[in-house]
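Student: Got a structure for you, questions after.
Here is the structure:
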């Protein structure tokens, strides 16, 4: 699946998108954040304030509890400041 | 003092303004409405629903309790429907 | 801190340009975050209404709108405020009233414009009468209790 | 009973004409009683801010605004609705977002426009970053807890 990063999360990760292939045990958005954070210091720093990280699966907001099975595109971003 | 009438109150009174000279005992807007209503059937009909009649003294809304002493212009009208 | 606006208030027979009035509030400045424009229009009531005749108390109308505007400016720190209210014959689809407000934040602009419309409805000395399609003179528009309730919620 | 509007929604880099977008909602009809236009502008923050860079999630932004618009239309019977949100570099004083709404009654128009702005703030995938006067890149704009509270009051 494709992972996308926006705003300061994009800057911290150092890229705007990448292909990821989490193992079978990674079932939810929260699991995915934990799995990414465990990859290296860069991701650990980017995702350190877990409670503020928002996520969207296939262009719709989801909670950290949401299942990622079947997702083609998962986006991570800080709280929005549009409008 | 000058009395002004607007909207359906104007139509019922049959004029948009007139000079009036209430006697000394007519102290408040409410007294003035009673005094006008006692003049003849036309005024009595125009002012019959006292509770809906609004008044303004010298271009500012007042209650029926307001004193009329010193007023140059007293206007009577139904509830407003602008905006 | 920006100075609170001196409101522009007009009571007139002729139509107004809502866009130009609203745009004028932000010209030459960059401190405004929220610009709101509300226009009240004459509805045709399902094709039955030809026009509204709006009677007004000319000597009082502007003064009363100024008082309402003063109340709004005392509550919200607006950076600009324009109110235009028409009188006379206004055809279905035509503009009746404009409230345009500029503020630093959107909450202030929304609240002030909403407050102003509620209070203009219940305090500004205007009275509407319907002219019906076919030429008959309709009734005076009845005040709505909903308008009194809308105004009362600001107390 | 008038049909509820199909909203017009655009996410674009270029500026928009707020007056033309708003006026288009009432063209050729006389059933609208209330026409509201809200424009969010880029503030210069006391002369310190040169521009805002607005990052957005292009594949999601329009879809999310459509969902927010659908929520508004489910709550209020709007006769017309246009939402335009810009991205990219917007200089101080420039327009960021437009919400224009038409309704039979003013209460519906005010409530819907207010709701839409509250929800766009907290749900539409846009992120603002300041460019400071003098050329320095400023911080990402912090979300305001007031915005979350404003959105929560509609629940």
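Residue numbers (my numbering), protein chains in the order written: chain U, 439 to 521; chain G, 439 to 521; chain V, 5 to 159; chain A, 5 to 159.
The beta-carbon is built from N, C-alpha and C at its ideal position, and this holds for glycine as well.
Predicted model, so just to flag it, every value in this text is computed and none were measured.
Within its chain, find whatever has a CB closer than 6 Å to the CB of residue 482 (chain G); leave out the 5 residues flanking it on each side and keep chain order.
Tutor: If we look at residue 482 (chain G) and ignore the five residues flanking it on each side, its Cβ neighbours are 475.
Student: If you check the beta carbons only, do residue 111 (chain A) and residue 154 (chain V) fall under 9 Å apart?
Tutor: The answer is yes: Cβ separation under 9 Å.
Student: Compute the Euclidean distance between the alpha carbons of residue 2 (chain A) and residue 79 (chain V), then round it to the nearest angstrom.
Tutor: Nothing in the structure corresponds to residue 2 (chain A), since chain A is present only between 5 and 159.
Student: Just curious, the beta strand (DSSP E) that residue 443 (chain G) is in, first and last residue?
Tutor: From DSSP, the beta strand (DSSP E) with residue 443 (chain G) extends over 440-443.
Student: Apart from the five residues just before and just after residue 103 (chain A), which ones in its own chain have a Cβ nearer than 7 Å to its Cβ?
Tutor: Within the same chain, residue 103 (chain A) has close Cβ partners 42, 87, 117, 120, 121.
Student: Rounding to the nearest angstrom, what Cα-Cα distance links residue 461 (chain G) and residue 39 (chain A) in this structure?
Tutor: Straight-line Cα distance between these residues: approximately 50 Å.
Student: Determine the closest residue to residue 70 (chain V) out of V:16, V:143, V:12, V:151, with distance taken between C-alpha atoms.
Tutor: Nearest option by C-alpha distance: V:12.
Student: Taking residue 183 (chain V) and residue 9 (chain V) to be in contact with their CB atoms under 8 Å, please state how far apart those CB atoms are, rounded to whole angstroms.
Tutor: Absent from the structure is residue 183 (chain V), since the part of chain V shown begins at 5 and ends at 159.
Student: Using a beta-carbon distance cut-off of less than 8 Å, what residues from the segment 105-139 of chain A approach chain V?
Tutor: Those residues of the segment 105-139 of chain A that come within reach of chain V (Cβ to Cβ, closer than 8 Å) are 108, 110, 111, 113, 114, 117, 118, 121.
Student: Using a Cβ-Cβ cut-off of 9 Å, state whether residue 27 (chain A) counts as contacting chain V.
Tutor: Residue 27 (chain A) counts as touching chain V.
Student: Please list, in chain order, all residues of the same chain as residue 109 (chain V) whose beta carbon is under 8 Å from its beta carbon, the five residues on each side excluded.
Tutor: Same-chain partners within the cutoff: 37, 38.
Student: Measure the Cβ-Cβ separation of residue 49 (chain A) and residue 133 (chain A) and say whether it is below 9 Å.
Tutor: Not in contact: residue 49 (chain A) and residue 133 (chain A) (Cβ atoms no closer than 9 Å).
Student: Is residue 97 (chain A) close to chain V, meaning its C-beta is less than 9 Å from at least one C-beta of that chain?
Tutor: Yes, residue 97 (chain A) lies at the interface with chain V (some Cβ there is under 9 Å from its Cβ).
Student: Just the chain V side, please: which residues come within less than 8 Å of residue 515 (chain G) by C-beta, in chain order?
Tutor: Those are 61, 129, 131, listed as they occur along chain V.
Student: Taking all protein chains shown into account, decide if residue 470 (chain G) is buried (16 or more other Cβ within 10 angstroms of its Cβ) or exposed.
Tutor: The residue in question, residue 470 (chain G), is buried, as its Cβ has 16 or more Cβ neighbours within 10 Å.
Student: In the segment 94-129 of chain V, which residue ranges form an unbroken beta strand (DSSP E) of at least 3 residues, counting only runs that do not cross its ends?
Tutor: Fully enclosed beta strand (DSSP E) runs of 3 or longer: 99-107.
Student: Under 7 Å Cβ-Cβ, which residues of chain V neighbour residue 43 (chain A)?
Tutor: Per Cβ cutoff of 7 Å: 39.
Student: Please list the terminal residues of the continuous beta strand (DSSP E) segment that includes residue 56 (chain V).
Tutor: Where residue 56 (chain V) is concerned, the enclosing beta strand (DSSP E) stretches over 53-60.
Student: Which residues in the same chain as residue 82 (chain A) place their Cβ atom closer than 6 Å to its Cβ, once the five residues preceding and following it in sequence are excluded?
Tutor: Closer than 6 Å at the Cβ level, and outside the excluded window around residue 82 (chain A), lie 9, 105, 107, 116.
Student: DSSP three-state call for residue 521 (chain U): helix, strand or coil?
Tutor: DSSP places residue 521 (chain U) in coil when its eight states are reduced to three.
Student: Rounding to the nearest angstrom, what Cα-Cα distance links residue 455 (chain G) and residue 24 (chain A) in this structure?
Tutor: Distance between the alpha carbons of residue 455 (chain G) and residue 24 (chain A) is about 44 Å.
Student: Could I get the ranges of all uninterrupted alpha helix (DSSP H) runs contained in the segment 20-50 of chain V, with 4 residues as the minimum, in chain order?
Tutor: The qualifying runs are 22-28.
Student: Please check if any C-beta of chain U sits within less than 9 Å of the C-beta of residue 78 (chain A).
Tutor: Answer no: the Cβ-Cβ gap between residue 78 (chain A) and chain U never drops below 9 Å.
Student: Is residue 101 (chain V) close to chain G, meaning its C-beta is less than 9 Å from at least one C-beta of that chain?
Tutor: Yes, residue 101 (chain V) counts as interfacial toward chain G.
Student: Quick check on DSSP: helix, strand or coil for residue 157 (chain A)?
Tutor: Reduced to three states, the DSSP call for residue 157 (chain A) is coil.
Student: Listing by chain order, which chain G residues have their CB less than 8 Å from the CB of residue 144 (chain V)?
Tutor: The contacting residues are 445, 446, 516, 519.
Student: Using a Cβ cut-off of 9 Å (strictly closer), state whether residue 12 (chain A) contacts chain U.
Tutor: Cβ-Cβ to chain U under 9 Å: no for residue 12 (chain A).
Student: Quick check on the burial criterion: 16 or more other C-beta atoms within 10 angstroms. Buried or exposed for residue 519 (chain U)?
Tutor: Its Cβ being crowded by 16 or more others within 10 Å, residue 519 (chain U) is buried.
Student: Given this structure, state the Cα-to-Cα distance separating residue 159 (chain A) from residue 17 (chain A), to the nearest angstrom.
Tutor: Approximately 32 Å between the Cα atoms of the pair.
Student: Can you give me the start and stop residues for the alpha helix (DSSP H) that residue 86 (chain A) sits inside?
Tutor: Not the alpha helix (DSSP H): residue 86 (chain A) falls in the beta strand (DSSP E), residues 84-90.
Student: When burial is assigned at 16 or more other CB atoms within 10 Å of the CB, is residue 85 (chain V) buried or exposed?
Tutor: So residue 85 (chain V) counts as buried.
Student: What does DSSP give as the partner residues of residue 12 (chain V) in its beta bridges?
Tutor: Its beta-bridge partners are V:86.
Student: Who does residue 515 (chain U) pair with in a DSSP beta bridge?
Tutor: U:492, per the DSSP bridge assignment.
Student: Rounding to the nearest angstrom, what Cα-Cα distance links residue 508 (chain U) and residue 464 (chain U) in this structure?
Tutor: Distance between the alpha carbons of residue 508 (chain U) and residue 464 (chain U) is about 12 Å.
Student: Mind checking whether residue 513 (chain G) and residue 459 (chain G) have CB atoms under 9 Å apart?
Tutor: It is not a contact, given that the beta carbons lie outside the stated cut-off.
Student: Short of 8 Å Cβ to Cβ, which residues in the segment 472-492 of chain G face chain V?
Tutor: For the segment 472-492 of chain G, which is checked against every Cβ of chain V, not one residue is closer than 8 Å.
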